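Residue numbers (our numbering), protein chains in the order written: chain A, 1 to 111; chain B, 1 to 371. Note that beta-carbon positions come from the ideal geometry of N, C-alpha and C, so glycine has one too. Keep in mind that this is a model prediction, so the values were computed, not measured. Working notes, beginning with the structure itself.
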């Protein structure tokens, strides 16, 4: 399956991907299998979207497709057929609140 | 002719400032990694073209970048910082247990002899090391397993290991500092550690002279005297003459002994620089005047250095990693501010001039003296 992925600007710069990424995904198309293929193609993205070990999504990363939010779904949930067929892209989005670090529960952000 | 390269980490990218030995005209390169937080950029003493940079954002976590050509080009290397075993819990701000979680790399300390060896100080506090140029990182977990970890707590910036000093005469001896735990020393390359906080007094912990819990902001050492360390604590400027076995206060006549940055003159081991900051709730200089203070007597007697620095309406901060010295004669001193200025002095602090004035908020400043 050829799956289209749109990365946020920071990760396009980091990976060197120019525009949309088209990935060949074997078997079921889910967030997990798409990220597996993405990280295999661009190993510098390891750790930027999900934890190296637990594979848990980073808190400020969201996954949208076909006007739906798949961020909270289990990573093995099948993505829509339109994504699996390449008709629609999987959008990797940096949450709107993520630009400035929140270092602690007090909201203190200075060093 | 010698030249200098100033490596600046900011909240929105890294900048490389270059000049010849006169240090009058500067070339500014950057931003590198625009939009990312660069907590630290530092060069290898063994190969000055080898640079390491700690790059992170709240969105996408931690990256380590490496340059082999003095910062012209970069490549991402390994970014997996996994604690050794189950890391356990430290104290949260309210004193309750809180699980250890990796957040970012605060400090990268390249080895003096091997460009592929680097120590990394991270938040939540731990020490890592790479032996392969940053491809893989392993924790020196003896520090975190020192036994006092449950009493460590985050300072306002998080629970960060922000200072790593390797004794140039004995690389098995390493000093580190953690906010808010204190200073620690190993004499076996990092296998075992000793808290070295005797003499520190901190009002923010129940027992002011406890073994750990002190908010040490920065430690500096002159390479010719690895037994002598200078410390800017949350409050108090401190000194040890016995490798940390005991400390005594040398704040002397400073207008305030709160601050973050501290460093030592490259050629005069008793000449020390600090930037006094009014208080821990204000985080700006006293009286709106940006003043570096210099002691030529190893502390206690301090003089204000003001020429070329703003002396009215200045309310910036100078963070703990944002001061450094070059090794030229006369010694150059540099610091960056949260207002985006990087100031330099080519005469050991007598006079100052801005190198750049409108960068993003400066997190770190390091200097390379190039042949």
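Chain-ordered residues of the segment 57-81 of chain B with a beta carbon less than 8 Å from chain A: 57, 58, 59, 60, 61, 62, 63, 76, 79, 80
C-beta atoms of residue 62(A) and residue 17(A) nearer than 8 Å: no
Residues within the segment 31-53 of chain B neighbouring chain A, beta-carbon criterion of under 9 Å: 33, 34, 35, 36, 37, 39
Nonlocal neighbours in the same chain, by C-beta distance under 7 Å from residue 322(B), ignoring five residues either side: A distance below 7 Å between beta-carbons, with the five flanking residues on each side excluded, links residue 322(B) to the following residues of its chain, in chain order: 261, 335, 336, 362, 363, 364, 365.
8 Å Cβ cutoff, residue 21(A) in contact with chain B: no
Sub-8 Å separation of residue 78(B) and residue 10(B) beta-carbons: no
Beta-carbon spacing of residue 330(B), residue 348(B) below 8 Å: yes
Beta carbon of residue 174(B) nearer than 8 Å to that of residue 161(B): no
N-terminal and C-terminal residue of the beta strand (DSSP E) that residue 365(B) is part of: 362-370
Alpha carbon of residue 25(B) to alpha carbon of residue 85(B), nearest angstrom: When rounded, the separation of the alpha-carbon atoms in residue 25(B) and residue 85(B) is 51 Å.
Rounded C-alpha distance that separates residue 54(B) from residue 121(B): 10 Å
Cut-off 6 Å between Cβ atoms - residues of its own chain near residue 48(B), not counting five sequence neighbours on either side: 368, 370
Unbroken alpha helix (DSSP H) run spanning residue 2(A), endpoints: Premise fails: residue 2(A) lies in the beta strand (DSSP E), 2-6, not in any alpha helix (DSSP H).
Residue(s) in a DSSP beta bridge with residue 97(B): 91(B)
Check whether residue 301(B) and residue 350(B) have beta carbons under 8 Å apart: No, the Cβ-Cβ distance between residue 301(B) and residue 350(B) is not below 8 Å.
Beta strand (DSSP E) segment containing residue 108(B), residue limits: For residue 108(B), the enclosing beta strand (DSSP E) stretches over residues 104-110.
Residue from 156(B), 125(B), 138(B), 98(B) with nearest C-alpha to residue 396(B): With chain B covering 1 to 371 only, the question about residue 396(B) has no answer from this structure.
The segment 51-79 of chain A: positions lying closer than 8 Å to chain B by Cβ: 52, 53, 58, 60, 61
The segment 234-246 of chain B in contact with the segment 205-212 of chain B per 3-pair CB rule at 8 Å: no
Chain-ordered chain B contacts of residue 44(A) [CB-CB under 8 Å]: 63, 76
DSSP three-state assignment for residue 29(A), whether helix, strand or coil: coil
Residues near residue 4(A) in its chain [Cβ-Cβ closer than 6 Å; skip 5 each side]: 20, 22, 86, 89
Residue 260(B) beta carbon near the ligand GTP (any heavy atom closer than 7 Å): Absent from the structure shown: the ligand GTP. Ligands present: none.
Test: residue 47(A) CB closer than 8 Å to a CB of chain B: yes
Beta-carbon separation (whole angstroms), residue 65(B) vs residue 76(B), contact threshold 8 Å: 6 Å
Span separating the alpha-carbon of residue 182(B) from that of residue 38(B): Cα atoms of residue 182(B) and residue 38(B): separation of roughly 24 Å, rounded to the nearest angstrom.
Given 8 Å, three or more beta-carbon pairs between the segment 212-229 of chain B and the segment 250-267 of chain B: Judged by Cβ distances under 8 Å, the segment 212-229 of chain B makes contact with the segment 250-267 of chain B, as three or more pairs qualify.
Euclidean distance between Cα positions of residue 26(A) and residue 82(A): 16 Å
Three-state secondary structure assigned by DSSP to residue 321(B): DSSP places residue 321(B) in the strand class (E or B) of the three-state scheme.
Whole runs of the beta strand (DSSP E) within the segment 117-162 of chain B, excluding any shorter than 3 residues: 118-123, 126-130
C-alpha gap between residue 77(A) and residue 37(A), whole angstroms: Near 16 Å, if we compare the C-alpha coordinates of residue 37(A) and residue 77(A).
Short Cβ contact (8 Å threshold) for residue 237(B) with residue 207(B): no
Three-state secondary structure assigned by DSSP to residue 10(A): helix
Given residue 7(B) as reference, the closest of 35(B), 44(B), 247(B), 246(B) once Cα atoms are compared: 44(B)
Segments assigned beta strand (DSSP E), at least 3 residues, entirely inside the segment 205-261 of chain B: Complete beta strand (DSSP E) runs here, min 3: 216-221, 229-233, 237-240.
Min CB distance residue 35(A) to chain B below 8 Å: no
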